[in-house]
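Following: one structure in structure tokens, then a few remarks.
Number of protein chains: 2
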Amino acid sequence: MRDYGPRAVAGPRSAAARGAVRYMAERLVLSIDGMGGDNAARSAPETVLQAIEIASRRRPELRFLVHGDEKLLNEALNAHPAAHGVCEIRPASTAIGMDVKPMQAARLKDTSIGNAIDTVKSGEAAAVVSAGNTGAYMAIAMVRLRMMEGVHRPALSARWPAASGGYVVLLDVGANVTADAEQLVEFAIMGEAFQRAVSGIERPSVAFMNVGSEDQKGHEEIRAAARLVRESGVEINFKGFVEGDDIAKGTVDVIVTDGFTGNIALKTGEGTARLVSQLLREALTGGILATIGAAIAYPALKKLRARMDPGAFNGAVFLGLNGLVVKSHGSADGPGFASAIDVAARMAESHYRDEIARNIARLAAAQAAPAPAVARDAS
Amino acid sequence: MRDYGPRAVAGPRSAAARGAVRYMAERLVLSIDGMGGDNAARSAPETVLQAIEIASRRRPELRFLVHGDEKLLNEALNAHPAAHGVCEIRPASTAIGMDVKPMQAARLKDTSIGNAIDTVKSGEAAAVVSAGNTGAYMAIAMVRLRMMEGVHRPALSARWPAASGGYVVLLDVGANVTADAEQLVEFAIMGEAFQRAVSGIERPSVAFMNVGSEDQKGHEEIRAAARLVRESGVEINFKGFVEGDDIAKGTVDVIVTDGFTGNIALKTGEGTARLVSQLLREALTGGILATIGAAIAYPALKKLRARMDPGAFNGAVFLGLNGLVVKSHGSADGPGFASAIDVAARMAESHYRDEIARNIARLAAAQAAPAPAVARDAS
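Chains F and W, in that order, are what the protein sequence lines are.
All residue numbers for the first sequence refer to my numbering, where the first residue is 1 and numbers rise by one.
All residue numbers for the second sequence refer to my numbering, where the first residue is 1 and numbers rise by one.
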């Protein structure tokens, strides 16, 4: 066993001090599920080790605990010698399949996901990253890490490329199917801290997703949530309501909605982007002139592909727990999984949990105040 | 005044007889709001007359009642001599602006939208088409035409291009913000008839939008709606649940959801398609090689643009009323508005209302039956 030294979790450091971390090569330990992904055991160890190699070239301070089938992981490790010095294999006898139901999964022993989460609970690792069964992963993380004080429901938070050049944080994209006014405000608080931690934007703008930008539009829950943000003293740069097309426009930095709507919006966007790419590919390989034109324009088309690459925006965070839980897309390749590792590292180095805790306390204080009982109106 | 002959509405004709209609040049009268659109009075008459010219070249049997400012419409008509013989201007003193609230709009007298709807109520026209203020249009249409017997809520129904080559019908995209199980089934019934009328698909497949395809996923309303379809004897080709990315995949022909989710999904898809187009345009004009390549591949890129052209899928139908109400996108150009006219003509020639009425009666009978009281469970 290699020496990983003491627990390496981000303390409350300033941005300047964060820069210094790299020079000091202070270790930041991340736990990786080595068995998760749409192709699971067949390709997961290879994808994960490739990602670790990429991530540790970018950040030499990273160390990895990789959980799963010892034999498969060691074979993959041998194919990636650069990962040798930064990586420890942690055997787990069980890999949770993609079809296992969440509650069933939570009862399984010695799983790669469960063991990885346990190292976050014990403090051995600062975060966990998995490309495995989302439902199972969320259920086990909730059971073992529990909710942050004052947070009622966790939220799955994703990023989406925007015309503005950056990306929009969208949440909840599927942890819950409903959300009341207070929960929507909690999601806003968590999404704002997530956007700041990963992008470095100092005061991310935040809005609720609605079917119109006017105050009287949409569900009562959303209108009550907007009132609650304004009246509770929660410190976020709040912009009211936005609509579906504002995701791609990048009108605001964080868009908040319930998990049903968010999941459908995210998948509709993904599906549309895939459709356009497919039609573009068909158009540019459908004839001799088109093929020649595409060959000449290849560098520009390659840049476009990089800009829309879902891998670049990989790494959804399961927010609201006592521990940092990052979900990679099940179909992510090595560079894509490395993006999810990067999200985990940035979050671990940030103060996102303190920031969330402070705003949640403001929200709780406002809710406890005798009048106006905004959230009560909404429920 | 030109002679429009007797009321020309589609009766219960067979598909073969429908073909014969063209040869007989039986007139089909449509009412057009000549003043609606994002640029309203400035460009609406010109757009509408251009559309009428295009539509009547395709279908010589069409006749149009165009409502709005007499002077502006006559000027536009003079610029489109081909529209002269098929078009009658009907003066209306008021054009409803895009910012007027629905209930306010419903109280206005002698509006181009209101007068156009009245001709459908009186039977003078078989359908009305407007690119104006959606909320106002829906409110006035509901007040004057009233709901079809047995239908509880109207639904706005849109089309979206699919990888399969055709398009998907998506509803409700914004007439309501919520929908219970019974209303979702009514939307399914109406969307199925709409898809058949416009595309000619004999038995369109139908599914509810959800966050997973398994039976236990999502809101109780959706699960109850799925049970209700299966148990009520409603005659539709029902496929269960689909997810957001199935819109662009074209997994089924009709996707049913509440107006909040549908509106956000549609706008997210539109926004994403626009983003990809913008990035593609930037990529292919961003350098000399890219520009040369794009010029060579131009015919292929033009075909791609036509395939994704929102104008080609223009024409949302406000379903569930005693009269055919078609909404053009506010930013549609002449060819786009002509697509909406085409939707109106196809619907008017179809048996969609009889088909909806038959399935609504089946649903009502199942609801009235003593057990199992499926819809009661859901509410």
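By construction, the Cβ of each residue, glycine as well, lies at the ideal position given by its N, Cα and C atoms.
Note that the structure is predicted; figures quoted are calculated from it, not measured.
As a quick exercise: from the options, pick the residue whose alpha carbon is nearest that of residue i.
{"i": "PRO60 of chain F", "options": "F:ILE341, F:ALA364, F:THR257, F:GLN367", "result": "F:ILE341"}
{"i": "GLY85 of chain W", "options": "W:SER130, W:ALA125, W:ARG27, W:THR178", "result": "W:ARG27"}
{"i": "ILE189 of chain W", "options": "W:VAL325, W:VAL100, W:LEU319, W:ILE117", "result": "W:LEU319"}
{"i": "GLY97 of chain W", "options": "W:ILE113, W:CYS87, W:GLU88", "result": "W:ILE113"}
{"i": "ARG159 of chain F", "options": "F:GLY250, F:LEU324, F:ALA338", "result": "F:GLY250"}
{"i": "ILE236 of chain W", "options": "W:VAL120, W:ILE247, W:GLY218, W:SER205", "result": "W:SER205"}
{"i": "GLY37 of chain F", "options": "F:GLN216, F:VAL129, F:LEU284", "result": "F:VAL129"}
{"i": "ILE89 of chain W", "options": "W:MET35, W:LYS239, W:ILE264, W:VAL326", "result": "W:MET35"}
{"i": "GLY315 of chain F", "options": "F:PHE337, F:ALA193, F:ALA44", "result": "F:PHE337"}
{"i": "ALA344 of chain F", "options": "F:VAL168, F:THR47, F:ALA55", "result": "F:ALA55"}
{"i": "PHE241 of chain F", "options": "F:VAL229, F:VAL234, F:GLY233", "result": "F:VAL229"}
{"i": "SER199 of chain F", "options": "F:LEU184, F:PRO161, F:GLY218, F:GLU220", "result": "F:PRO161"}
{"i": "GLY259 of chain W", "options": "F:ILE292, F:VAL211, F:GLY311", "result": "F:VAL211"}
{"i": "ASP118 of chain W", "options": "W:ALA92, W:ALA131, W:GLY271, W:GLY286", "result": "W:ALA92"}
{"i": "LEU145 of chain F", "options": "F:THR261, F:GLY286, F:ASN322", "result": "F:ASN322"}
{"i": "GLY269 of chain F", "options": "F:ALA116, F:THR47, F:ARG196, F:ASP245", "result": "F:ASP245"}
{"i": "ASP172 of chain F", "options": "F:VAL185, F:ALA197, F:LYS71, F:LYS109", "result": "F:VAL185"}
{"i": "ALA125 of chain W", "options": "W:GLY174, W:LYS71, W:ARG63, W:ASP69", "result": "W:ARG63"}
{"i": "PHE194 of chain W", "options": "W:ASN39, W:LYS217, W:VAL168, W:LEU72", "result": "W:VAL168"}
{"i": "ARG358 of chain F", "options": "F:GLU220, F:VAL234, F:VAL276", "result": "F:VAL234"}
{"i": "PRO310 of chain F", "options": "W:HIS152, W:GLY330, W:VAL276, W:ILE296", "result": "W:VAL276"}
{"i": "ARG346 of chain W", "options": "W:SER331, W:ILE356, W:VAL326, W:GLY330", "result": "W:VAL326"}
{"i": "GLY174 of chain F", "options": "F:ALA297, F:PRO154, F:GLY166", "result": "F:PRO154"}
Using 6 Å as the cut-off, classify the Cβ of residue i as near or not near the heavy atoms of the ligand ATP, replying yes or no.
{"i": "PRO335 of chain W", "result": "Absent from the structure shown: the ligand ATP. Ligands present: none."}
How far does the beta strand (DSSP E) with residue i in it reach, from first residue to last?
{"i": "LEU33 of chain W", "result": "In the sequence as displayed, the identity of residue 33 of chain W is Asp instead of Leu. Looking at the DSSP string, the run of the beta strand (DSSP E) that includes ASP33 of chain W is 28 to 33."}
{"i": "ASN78 of chain W", "result": "Element bounds for ASN78 of chain W: not the beta strand (DSSP E) but the alpha helix (DSSP H), 70 to 78."}
{"i": "MET88 of chain F", "result": "Before going further, note that residue 88 of chain F is Glu rather than Met in the sequence given. Run containing GLU88 of chain F: 87 to 91, per the beta strand (DSSP E) assignment."}
{"i": "LYS239 of chain W", "result": "237 to 242"}
{"i": "ILE255 of chain W", "result": "254 to 256"}
Mind checking if residue i is an interface residue toward chain F, Cβ cutoff 7 Å exclusive?
{"i": "ARG47 of chain W", "result": "The question names Arg, but residue 47 of chain W is Thr in the sequence shown. Closer than 7 Å: no."}
{"i": "LEU363 of chain W", "result": "no"}
{"i": "TYR23 of chain W", "result": "With a pLDDT of 43 at TYR23 of chain W, under the threshold of 50, the predicted position of this residue should be treated as unreliable, though the coordinate-derived value follows. With 7 Å as the cut-off, TYR23 of chain W does not count as an interface residue toward chain F."}
{"i": "ALA378 of chain W", "result": "For ALA378 of chain W, the predicted model reports a pLDDT of 43, less than 50, meaning its position is unreliable and no value from the coordinates is stated."}
{"i": "ALA125 of chain W", "result": "no"}
{"i": "THR94 of chain W", "result": "no"}
{"i": "ARG307 of chain W", "result": "yes"}
{"i": "SER296 of chain W", "result": "Strictly speaking, residue 296 of chain W in this sequence is Ile, with Ser absent from that position. ILE296 of chain W counts as touching chain F."}
{"i": "GLY240 of chain W", "result": "no"}
{"i": "PHE313 of chain W", "result": "no"}
{"i": "VAL173 of chain W", "result": "no"}
Taking only beta-carbon positions, decide if residue i is within less than 7 Å of chain W.
{"i": "ASN263 of chain F", "result": "yes"}
{"i": "ILE222 of chain F", "result": "no"}
{"i": "HIS329 of chain F", "result": "no"}
{"i": "GLU243 of chain F", "result": "yes"}
{"i": "ILE255 of chain F", "result": "no"}
{"i": "ILE288 of chain F", "result": "no"}
{"i": "THR268 of chain F", "result": "yes"}
{"i": "LYS121 of chain F", "result": "no"}
{"i": "LEU304 of chain F", "result": "yes"}
{"i": "VAL211 of chain F", "result": "yes"}
{"i": "GLY132 of chain F", "result": "no"}
{"i": "VAL252 of chain F", "result": "no"}
{"i": "GLY271 of chain F", "result": "yes"}
{"i": "PHE260 of chain F", "result": "yes"}
{"i": "VAL169 of chain F", "result": "no"}
{"i": "LEU279 of chain F", "result": "yes"}
State the start and end residues of the unbroken alpha helix (DSSP H) segment that holds residue i.
{"i": "PHE313 of chain W", "result": "Neither: PHE313 of chain W is in no alpha helix (DSSP H) and is coded neither H nor E."}
{"i": "ASN263 of chain F", "result": "259 to 284"}
{"i": "ALA290 of chain F", "result": "288 to 296"}
{"i": "ASP246 of chain W", "result": "246 to 249"}
Any beta-carbon of chain C closer than 7 Å to the one on residue i?
{"i": "LEU275 of chain W", "result": "Among the chains of the structure shown, chain C does not appear; the protein chains present are F and W."}
Exercise. Can at least three beta-carbon pairs, one atom from the region 187 to 205 of chain W and one from the region 355 to 363 of chain W, be found at a separation below 8 Å?
Worked result: yes
Exercise. Which whole runs of the alpha helix (DSSP H) in the region 105 to 182 of chain W are 4 residues long or more, in chain order?
Worked result: 112 to 122, 134 to 145
For this session: Scan the region 191 to 233 of chain F and note each continuous alpha helix (DSSP H) run of 4 residues or more that stays entirely inside, going in chain order.
Result: 220 to 232
Exercise. Does the region 131 to 144 of chain F come within contact of the region 250 to 259 of chain W, defined as at least 3 CB pairs closer than 8 Å?
Worked result: no
Exercise. Where in the region 304 to 370 of chain W do unbroken runs of the alpha helix (DSSP H), each at least 4 residues long, occur, reported from the N-terminal end onward?
Worked result: 334 to 349, 352 to 368
Exercise. Touching or not, the region 288 to 299 of chain F and the region 171 to 187 of chain F, by the rule of three or more beta carbon pairs under 8 Å?
Worked result: no
Exercise. Does the pairing of the region 100 to 108 of chain F with the region 290 to 304 of chain F give three or more beta-carbon distances under 8 Å?
Worked result: no
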